[in-house]
Structure formats: structure tokens, C-alpha cells
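Asks: Okay, so the sequence shown: first residue is 2 according to this note's numbering, each after it adds one.
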Amino acid sequence: MTSTWVEPSNTATALLLLGRGTDPDSERGVDCPGELPPPSDPNLVARATAAKAKLGQRVFVLGHHYQRDEVIQFADVTGDSFKLAREAAARPDAEYIVFCGVHFMAESADILTTDKQQVILPDLAAGCSMADMAALPQVETAWEVLEELGVAGSTVPVTYMNSSADIKGFVGRNGGVVCTSSNAERALRWAFERGERVLFLPDQHLGRNTAVLEMGLDPADCVLYDPHKPGGGLTPEQLRDAKMILWRGHCSVHGRFTLESVNEVRTRVPGVNVLVHPECRYDVVTAADYVGSTEYIIKTIEAAPAGSAWAVGTELNLVRRLANAHPDKEIMFLDRAVCYCSTMNRIDLPHLVWALEELVAGRVVNQITVDPDTAHHAKVALDQMLALP
Numbered sequence: 002m003t004s005t006w007v008e009p010s011n012t013a014t015a016l017l018l019l020g021r022g023t024d025p026d027s028e029r030g031v032d033c034p035g036e037l038p039p040p041s042d043p044n045l046v047a048r049a050t051a052a053k054a055k056l057g058q059r060v061f062v063l064g065h066h067y068q069r070d071e072v073i074q075f076a077d078v079t080g081d082s083f084k085l086a087r088e089a090a091a092r093p094d095a096e097y098i099v100f101c102g103v104h105f106m107a108e109s110a111d112i113l114t115t116d117k118q119q120v121i122l123p124d125l126a127a128g129c130s131m132a133d134m135a136a137l138p139q140v141e142t143a144w145e146v147l148e149e150l151g152v153a154g155s156t157v158p159v160t161y162m163n164s165s166a167d168i169k170g171f172v173g174r175n176g177g178v179v180c181t182s183s184n185a186e187r188a189l190r191w192a193f194e195r196g197e198r199v200l201f202l203p204d205q206h207l208g209r210n211t212a213v214l215e216m217g218l219d220p221a222d223c224v225l226y227d228p229h230k231p232g233g234g235l236t237p238e239q240l241r242d243a244k245m246i247l248w249r250g251h252c253s254v255h256g257r258f259t260l261e262s263v264n265e266v267r268t269r270v271p272g273v274n275v276l277v278h279p280e281c282r283y284d285v286v287t288a289a290d291y292v293g294s295t296e297y298i299i300k301t302i303e304a305a306p307a308g309s310a311w312a313v314g315t316e317l318n319l320v321r322r323l324a325n326a327h328p329d330k331e332i333m334f335l336d337r338a339v340c341y342c343s344t345m346n347r348i349d350l351p352h353l354v355w356a357l358e359e360l361v362a363g364r365v366v367n368q369i370t371v372d373p374d375t376a377h378h379a380k381v382a383l384d385q386m387l388a389l390p
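Below you can see the structure in the form of C-alpha cells.
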């Protein structure tokens with residue numbers, strides 16, 4: 002069986018995906034300084050190629066899986082956020098790290114690379130709505146609530162990789178650990194060996210799915226802390242009794258998939274395999290056939306037999322790329338509506354060309370730096386993740 006990729010239909014919200022307009026729920030609202038080449042410039046590919054060639058080994062370009070193809074073609078390495086940060090750290094001779102991803106990813110790269118390396122984010126407006134849902138003052142207030150209840154000492158903070166450097170630093174200061182979607186279970190088991198409960202930041206869905214589906218906790222063991230409500234909207238008894246205190250945060254892409262999406266595709270495509278990311282909602286994950294990280298999704302599709310049908314619940318750039326790479330399989334987007342990561346897509350070819358050409362001219366633009374104290378404690382939490390059994 003061969004498949005023809007069918008683009009999901011546009012929606013009003015999805016029209017923001019090319020970086021046009023603003024999305025107050027998922028963008029930092031920071032304008033990119035400098036004169037960008039127009040998207041209509043027919044020489045953009047040639048200009049990017051020439052600039053990258055002039056920089057040679059001085060530049061190392063990282064491309065996240067969710068990036069658009071026009072940018073990915075110039076990436077020296079593609080991967081998820083933590084893989085890319087580690088790849089940058091493994092290239093100490095690269096003077097410039099151009100991170101085609103989002104803000105928290107570039108922060109992680111700055112934390113893990115040397116002081117001689119400079120990390121550049123081609124568009125400063127490429128933020129992450131999930132990471133922005135957990136601001137340091139909010140988390141510190143939540144911790145004060147736990148201290149007042151006398152349970153902070155028996156609570157271990159765990160933060161998802163998709164969080165700001167400030168949050169990683171907070172976790173490092175308070176004896177916690179960072180996790181990825183691949184090792185979240187190991188991180189939680191480590192945490193429960195050291196405390197009675199976990200404060201899980203910032204993605205409620207990954208925390209709940211891991212605790213209940215992989216560790217066997219009861220859903221009632223999980224409570225949802227809302228930073229916009231006094232005491233998180235929870236009673237002292239709820240906080241004391243909880244094993245998982247989940248932060249009220251989510252991914253604006255994966256959170257859009259619904260149980261209705263799963264039921265609809267099963268009706269439309271008999272025998273379809275539903276493959277989703279653990280950032281999806283609990284009812285979506287429990288209704289799926291396969292659940293795993295971005296790397297897991299890629300490997301599962303690669304290993305799937307020819308002729309098999311797959312509905313994939315993750316960012317659309319990656320799903321389309323998988324469909325084009327595996328024409329012998331029927332690969333479709335789980336939802337009928339477009340669902341790009343609008344902030345990831347702000348990094349387009351004009352921004353990449355501009356950043357590279359500025360480096361050729363000797364000007365470092367949009368450098369991402371993390372202050373030394375925050376970087377130190379964030380690296381403590383990251384190193385603890387690397388030390389997990």
C-alpha cells in the first residue's frame with residue numbers, strides 16, 4: 002500500500018503557524034531585531050548555504066524534529082531538545098551554536114556548553130507555551146505553601162525538560178531532577194525513593210500519564226495545582242495526601258488532540274494504529290495503541306511493516322516528514338485540523354539566513370545566556386538526570 006499525504010484543513014488558529022500574527026497564549030511577543038530578507042527572496046537557500054560554508058566548523062546548526070523542512074535541511078543534527086543540547090556540548094570547537102528550536106532548548110544548550118561557545122536563537126519570539134506556564138515566582142509561591150504545611154521537606158520537585166532554566170535551577174536547588182518524556186518513569190521512581198510526594202512541573206499530562214499508566218498510581222493520588230488560585234486551588238488535606246502534585250500546564254499542540262480524534266480516525270481507517278506522545282491528555286493516551294517520546298514515535302514508524310496504517314498524535318511538521326519518508330505506509334495526522342507548533346515555526350528560512358549572515362559579518366545576534374548561579378543549579382538537576390539508573 003502506498004499513501005498520499007493529505008494536509009489537514011486550516012483553522013483560524015492554525016494560520017498563525019507560519020509566524021504571521023500573534024498568539025498571546027504561546028508567544029513571547031518579542032520582535033526579532035534587524036532587517037530580515039523577505040520570504041519571497043528566491044536566493045534564500047543559496048544565501049544560507051553560502052553563509053554556512055563561510056562559517057565552516059565555527060558554526061553548528063541544531064534542528065528540532067518539529068522544525069519546518071526549509072530549516073531542517075541546514076541542520077547538522079536533528080533530534081529532540083535534550084539530544085540537541087548534548088550534541089552541542091559534544092562540539093566544544095564550534096564557536097557558534099545556532100539552535101533552531103525554542104527558547105528553553107537554547108537555554109539548555111547554553112548551560113551544557115562551554116563559556117567560549119555562544120548559543121543563538123534565530124528568532125527570540127520562538128518561546129514555548131508550556132514552559133511559560135510555570136514562572137519561577139509562581140513555583141516559589143507554591144513551594145512556600147508546601148513549607149507552611151510542613152511537607153516541603155518530604156516533597157521532591159521534578160521538572161520536564163520543557164521548562165525554563167529558572168525552573169531547572171529551582172529544582173536543582175531543592176534536591177530534584179530533570180526528566181524527559183523517555184525517562185520520566187525512572188525520574189519519578191528516583192524521586193519517590195527520596196520523598197513521599199512529587200511536585201511535577203510543568204506538564205500535567207506527562208506527569209499523570211507516567212504516574213498512573215507506568216507506575217500504577219491511582220488517579221486519585223494526583224492533584225492539580227493551579228498557580229492562579231490561592232493554595233493552588235487545593236485544600237491542605239489534598240496537598241498533604243497527594244503523591245503527585247501536578248502543575249497546571251500543558252503543551253498547546255499535544256493538548257489539542259481529543260478522544261473524539263481517536264474515535265473518528267478508527268472509524269474512518271479500520272485497523273489503524275494510533276501512536277501518540279505522552280504529553281497528550283490521559284483519555285487520548287489510554288485510547289491509543291502506542292505511546293512514546295518523539296524519538297520513540299520516529300523509531301516505531303521506521304520499524305512498522307509496509308502497508309500498515311498509522312495515525313500519529315504529535316506536531317505536524319514531524320508527521321508530514323515521516324509520511325514523506327515512508328511512502329509504503331499510510332501515515333496520517335491524528336486530527337483533521339492543522340496543529341503546528343506556532344512558536345517553533347517562527348524560525349523560518351529568512352530568520353536563519355539573517356542569523357548566519359550576521360555571524361559571517363562578525364555580529365552575534367539573539368544570543369541566549371543563562372546567569373551563572375541559575376546555570377549551576379540547573380546543571381545539578383540535569384546531571385542528576387544523567388545519573389539515573
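Glycine is no exception: its CB is placed at the ideal position from the N, C-alpha and C atoms.
(1) Considering only DSSP beta bridges, list what alanine 312 is partnered with.
(2) Within 10 angstroms of the Cβ of asparagine 274, are there 16 or more other Cβ atoms? Answer buried if so, exposed if not.
(3) Taking the CB atoms as reference points, tell me whether histidine 251 and histidine 206 lie closer together than 7 Å.
(4) To which residues of the same chain is alanine 356 closer than 8 Å at the C-beta, ignoring the five residues directly before and after it?
(5) Where leucine 247 and proline 328 are concerned, what is the direct C-alpha to C-alpha distance, given to the nearest angstrom?
(6) Distance check for glycine 64 and proline 73, CA to CA, integer angstroms please.
(7) Please classify glutamine 119: does DSSP put it in a helix, a strand, or coil?
(8) What residues in its chain sit with their C-beta under 6 Å from that of serine 309, if we drop five residues either side in the sequence?
(9) Can you tell which of Gly196, Glu148 and Met106 has its C-alpha closest to the C-alpha of lysine 169?
(10) Give a yes or no on contact between the segment 107-116 and the segment 216-233, applying the rule of three or more CB pairs nearer than 8 Å.
(11) Answer with buried or exposed for leucine 387, where buried requires no fewer than 16 other C-beta atoms within 10 angstroms of its C-beta.
(12) Please list, in chain order, all residues of the same chain as alanine 153 whose beta carbon is under 7 Å from its beta carbon, the five residues on each side excluded.
(13) Could you tell me the distance, in whole angstroms, from the CA atom of glutamate 88 to the CA atom of alanine 188?
(14) Compute the Euclidean distance between the alpha carbons of valine 47 and glutamate 316, then round it to the nearest angstrom.
(15) Counting only the same chain and skipping the five closest in sequence on each side, list residues whose C-beta sits under 6 Å from that of glycine 80.
(16) Rounded C-beta distance between glutamate 280 and aspartate 204? I'm assuming under 8 Å.
(17) In chain order, what residues of the same chain lie with their CB nearer than 6 Å to the CB of asparagine 44, ignoring the 5 residues before and after it?
(18) Is it a yes or a no for the segment 261-273 touching the segment 238-246, going by three-plus beta-carbon pairs under 8 Å?
(19) For methionine 386, does the three-state DSSP call read helix, strand or coil?
(20) Quick check for students: name the residue ranges of the alpha helix (DSSP H) that lie wholly in the segment 175-211, counting only runs of 4 or more.
(21) With burial defined as no fewer than 16 other Cβ atoms inside 10 Å of the residue's Cβ, what is the status of alanine 192: buried or exposed?
(22) If you draw a straight line from the C-alpha of arginine 1 to the C-alpha of leucine 150, how long is it?
(23) Is it buried or exposed, lysine 117, if we count other Cβ atoms within 10 angstroms and call 16 or more buried?
(24) Evaluate glutamine 58 with the Cβ neighbour count: other Cβ atoms within 10 Å of its Cβ, from every protein chain shown; 16 or more gives buried, anything less gives exposed.
(25) Measure the C-alpha to C-alpha separation of aspartate 167 and tyrosine 291 and round it to an integer number of angstroms.
Replies: Short version:
(1) Val275 and Met333
(2) buried
(3) yes
(4) Val99, Ile121, Pro123, Val366 and Asn367
(5) 40 Å
(6) In the sequence as presented, proline is not what sits at residue 73; that position holds isoleucine. Isoleucine 73 and glycine 64: Cα-Cα distance of roughly 6 Å.
(7) strand
(8) Lys330
(9) Met106
(10) no
(11) exposed
(12) Trp144 and Leu147
(13) 22 Å
(14) In the sequence on display, residue 47 carries alanine and not valine. Rounded to the nearest angstrom, the two C-alpha atoms are 28 Å apart.
(15) none
(16) 6 Å
(17) none
(18) no
(19) helix
(20) 185-193 and 205-210
(21) buried
(22) The structure shown does not extend to residue 1, since the chain spans only 2 to 390, so no value can be given for it.
(23) exposed
(24) exposed
(25) 33 Å
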